[in-house]
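K.L.:
Quick note: the sequence shown uses my numbering, first residue 5, plus one each step.
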Amino acid sequence: MTELEANIAKFKDLVDGAKTILVLQPDSPDGDSFGSALALEEIFGELGKNVVLFSYKEPEPYLRIHEGWDRVAQDMPKQFDLTVLVDTGSPKLIKSTLEHHATALMAKPMVVIDHHASRQDFGFTTIDIADTSVATAELIMQLCLDFDWTVNTSAAVKLATALLSDSLGLTTSGTTYRSVAMYAECIKRGASPSELSRLHREVSALEPTQVHLKGQLLSSIEYVCDGELAIAEITPDVVADNKDKFEPYNMIISEMQWTKGVKLAAVFKNYGTKVSVPLRSTNESAAPIAAKFDGGGHPNASAYRTTTTDIAAEKAKLIAAYEAYRKETTVEAD
Ligand SMILES: [Mn+2]
5 MTELEANIAK FKDLVDGAKT ILVLQPDSPD GDSFGSALAL EEIFGELGKN VVLFSYKEPE
65 PYLRIHEGWD RVAQDMPKQF DLTVLVDTGS PKLIKSTLEH HATALMAKPM VVIDHHASRQ
125 DFGFTTIDIA DTSVATAELI MQLCLDFDWT VNTSAAVKLA TALLSDSLGL TTSGTTYRSV
185 AMYAECIKRG ASPSELSRLH REVSALEPTQ VHLKGQLLSS IEYVCDGELA IAEITPDVVA
245 DNKDKFEPYN MIISEMQWTK GVKLAAVFKN YGTKVSVPLR STNESAAPIA AKFDGGGHPN
305 ASAYRTTTTD IAAEKAKLIA AYEAYRKETT VEAD
């Protein structure tokens, strides 16, 4: 039995023995973590368990498409028997949760269901169920099939949405036969592809003012490194104006990534006090470049935080890192 198989067996035993299960996700939920967590609420509910959903931050508006989004609480329950943490590859992603609730969490077993290639140790004992699924939702559906757990229509819609979110509609490089097969399992249980697409269009529709902002941001893109690296900045005023409403970089980063000649797209999201840099690539440079700055993620979609708020200097560092990466990979290709 492999370690993964042993952990899967342990997970089943722990769920069987638990009365109340805490479903935890990263401090800032995303489409995959959120859909996976809400689906697990249904799946564990079908098994007769009490389920409590927690995220440190409130879900962003685009996530509030699912029935049950308002059950994801920011209060840690007093009593639970097991924690299931979804879609979390690094303790940094649950930093605030751990700062406030580490003692309660460490007193009970924690199972982590995840799919991040760049997994980091949590610094405490966890039972890890991790593979290279395109989304955590894919792995959850596979586990439900293995255990013969009921996935009702509502859970199927939530898993399908999560799967489509991380795989960008089943199009990313991590999408496999199994990703599509698990999506089909969701459709089999009543999720409708056209309805999922309509829902996605509806929640991602922009306000007229956002379309104007998108135009301004697109005009500000700089192209460097022979046009291979596209860089944009979201200035502190734009970040502040849209705080808790939406992510301006989401409107432009895919356009940047898929501009002719561009291989890496970087957006400096400048809060004024800190700067985060989401990266997208078409040559799998996003992960190694993010890693150079202590960040992480997926081969073509990663992120890091800068160490200073000097945007010009941080841009120069990124350009140097990309130039170095280009040299390294050219040497390897020779
Ligand atoms: Mn994910």
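Note that CB positions come from ideal geometry on N, CA and C, so glycine has one too.
Which residues in the same chain have their Cβ closer than 6 angstroms to the Cβ of residue 156, if we skip the five residues on either side of it in sequence?
P.N.:
46
K.L.:
Measuring straight from C-alpha to C-alpha, what distance separates residue 301 and residue 216?
P.N.:
30 angstroms
K.L.:
Report the option in 263, 266 and 10 whose CA atom is closest to the CA atom of residue 134.
P.N.:
Of the listed residues, the one whose Cα sits closest to residue 134 is 10.
K.L.:
From the DSSP output, in three-state form, read off residue 216 for me.
P.N.:
helix
K.L.:
Restricting to Cα atoms, I'd like to know which of 57, 212, 326 and 151 is closest to residue 288.
P.N.:
326
K.L.:
Do you know offhand how far residue 153's Cα is from residue 51's?
P.N.:
8 angstroms
K.L.:
Where does residue 282 fall in DSSP's three states?
P.N.:
Reduced to three states, the DSSP call for residue 282 is strand.
K.L.:
Using 8 angstroms as the cut-off, can you tell me whether the segment 71-82 makes contact with the segment 245-263, which would need three or more C-beta pairs spanning the two stretches below that distance?
P.N.:
no
K.L.:
Restricting to Cα atoms, I'd like to know which of 84, 232 and 127 is closest to residue 322.
P.N.:
232
K.L.:
Just to check, is the beta-carbon of residue 37 closer than 8 angstroms to a non-hydrogen atom of ligand 1?
P.N.:
yes
K.L.:
Just to check, is the beta-carbon of residue 170 closer than 8 angstroms to a non-hydrogen atom of ligand 1?
P.N.:
Yes, the Cβ of residue 170 comes within 8 angstroms of a heavy atom of ligand 1.
K.L.:
Straight-line CA distance for residue 241 to residue 5?
P.N.:
55 angstroms
K.L.:
Kindly give me the distance between the Cβ atoms of residue 171 and residue 183, rounded to whole angstroms, as I take these residues to be in contact under 8 angstroms.
P.N.:
6 angstroms
K.L.:
Cβ of residue 165 within 8 angstroms of any heavy atom in ligand 1?
P.N.:
Not so, every heavy atom of ligand 1 lies at least 8 angstroms from the Cβ.
K.L.:
Let me see if you follow: with CB-CB separation under 9 angstroms, is residue 279 close to chain E or not?
P.N.:
Among the protein chains of the structure shown there is no chain E, as only one such chain exists.
K.L.:
Do you know whose CA, among 195, 276 and 299, lies nearest residue 315's CA?
P.N.:
Of 195, 276 and 299, the residue nearest in Cα terms is 276.
K.L.:
In this structure, what does DSSP give as the bridge partners for residue 87?
P.N.:
26 and 114
K.L.:
Per the DSSP calculation, residue 60 is bridged to which residue(s)?
P.N.:
Per DSSP, none; premise fails for residue 60.
K.L.:
Measure the CB-CB distance between residue 162 and residue 42 and report whether it falls below 9 angstroms.
P.N.:
yes
K.L.:
For ligand 1, any of its heavy atoms closer than 8 angstroms to the Cβ of residue 91?
P.N.:
yes
K.L.:
When the distance is taken between beta carbons, is residue 61 closer than 9 angstroms to residue 23?
P.N.:
no
K.L.:
Excluding the 5 residues flanking residue 272 on each side, which residues of the same chain have their C-beta closer than 6 angstroms to its C-beta?
P.N.:
Non-local beta-carbon contacts of residue 272 in its own chain, meaning distances under 6 angstroms to residues more than five positions away in sequence, involve 237, 279, 281 and 315 in chain order.
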